[in-house]
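This report concerns only the one structure given below.
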Amino acid sequence: MDRFFAIVNPAAGGGRSAKLAGPALARLREKGLKVDVIASTGHGHAVELAREAYDQGYRKFLAVGGDGTAHEILNGIFAGRTGVNRIALGFLPLGTGNSFLRDFAKDGAAASLQALVEGRTRTVDLLRLRHAGGEVYSFNLLSVGFTADVAALTNRMFKPFGDLGYLLGVFVRVAQLRRRPMALRCDDDTEWDEGRTLFVTFNNSKYTGGTMLIAPDADPSDGLIEFVRWGPIGRLGLLRTLPRLYDGSHIQHPLASRRAVRHVEFKAAGPVDIMIDGEVATLECRTLDVVPGAVDVFI
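In terms of this note's numbering, the sequence shown opens at residue 76 and continues consecutively.
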């Protein structure tokens, strides 16, 4: 089927998506793209819509909103299936963060629109987390600890403020700072890493929270998971080095480390809050793997 199935999240970007989606889609139609459009009505609805559209034969999808919209579309297509036919995903980034597209262009919205018009795609990986209740896919990152704490607070209280809201969440969580262990091992490790951390992140792409360069060495097409860890830094040390999270130089901090891995195993210790593509879920994590070249992205 040579038609796009566009899912609009009207709540994305504090309601900005609802105002801008119509004109943006009209521009695509003027350029000759065939687009069928439906709006999601709440959290998780885009998962159902994407699953039904895939079953009906759609293979081109368009996320009209933020990273959360794209996340739901991909999980509607991939989660719980043993095999997926090749699909392509485009973005009309009208949401709050839109972190993923920053890996490819400074002006992700314009670049994405141009790629859709030209039919230009790039193959990217996905990350697959298996947990006690099933599986979930990520195209951006998964994170536990400080970053998940910030995302949970930002989504609950500060999301309408965009990038500023995320920064507000950061400062509140600095005041409430928690450093806790996340027992895991990667690839051929024989010993469990159970040290206390500020956060651990498993990245497919570089950015989170819009402009936070959390994983400067990540490459969404290299078939690897960029594993970034920051040890139990204190409040004062975190405040001093906080700007380094925005230029990627935090990786050089003595308490920071990074590895490129393919498989992560978690020691079950009950459910934890985990940020997945900007959304927060409480899951009992089992394993994390990379799915190389899983999807074509218009960019």
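All C-beta atoms, glycine included, are put in the ideal place defined by N, C-alpha and C. These figures come from a predicted structure and were not determined experimentally.
- Across the structure, Ala290 and Ser324 are spaced so that their CA atoms are roughly 10 Å apart.
- For Lys94, the enclosing alpha helix (DSSP H) begins and ends at 91-105.
- Shown here for Arg255: same chain residues with a beta carbon closer than 8 Å to its own, the five before and five after excluded, namely Gly220, Arg271, Thr272 in chain order.
- Taken through DSSP and simplified to helix, strand or coil, Tyr241 comes out as helix.
- Counted as a single uninterrupted DSSP element, the beta strand (DSSP E) harbouring Asp371 occupies residues 360-373.
- DSSP places His325 in the helix class (H, G or I) of the three-state scheme.
- Annotation for Glu354: Gly143 place their beta carbon closer than 6 Å to its own, counting only its chain and skipping 5 residues before and after.
- Approximately 24 Å separates the beta-carbon atoms of Gly151 and Arg177; this is outside 8 Å, ruling out the contact.
- For Ile300, the beta-bridge partners assigned by DSSP are Val336.
- Burial state of Asp352 is buried, judged by a 10 Å Cβ sphere holding 16 or more other Cβ atoms.
- For Phe153, the enclosing alpha helix (DSSP H) has its first and last residue at 142-153.
- Under the three-pair Cβ rule at 8 Å, the segment 320-336 does not count as touching the segment 93-113.
- The beta carbon of Val249 lies closer than 8 Å to those of Arg310, Leu313, Leu314, Leu317 in the same chain, with the five residues before and after it left out.
- Under the three-state reduction of DSSP output, Tyr282 falls in the strand class.
- A direct Cα-Cα distance of roughly 9 Å separates Ala87 from Pro235.
- It is roughly 18 Å from the alpha-carbon of Leu164 to the alpha-carbon of Asp182.
- Contact holds between the segment 208-224 and the segment 277-292, because three or more Cβ pairs, one in each stretch, are under 8 Å apart.
- Distance from the CA atom of Val247 to the CA atom of Asp77, rounded to whole angstroms, is 47 Å.
- Bridge partners of Thr196 according to DSSP: Phe373.
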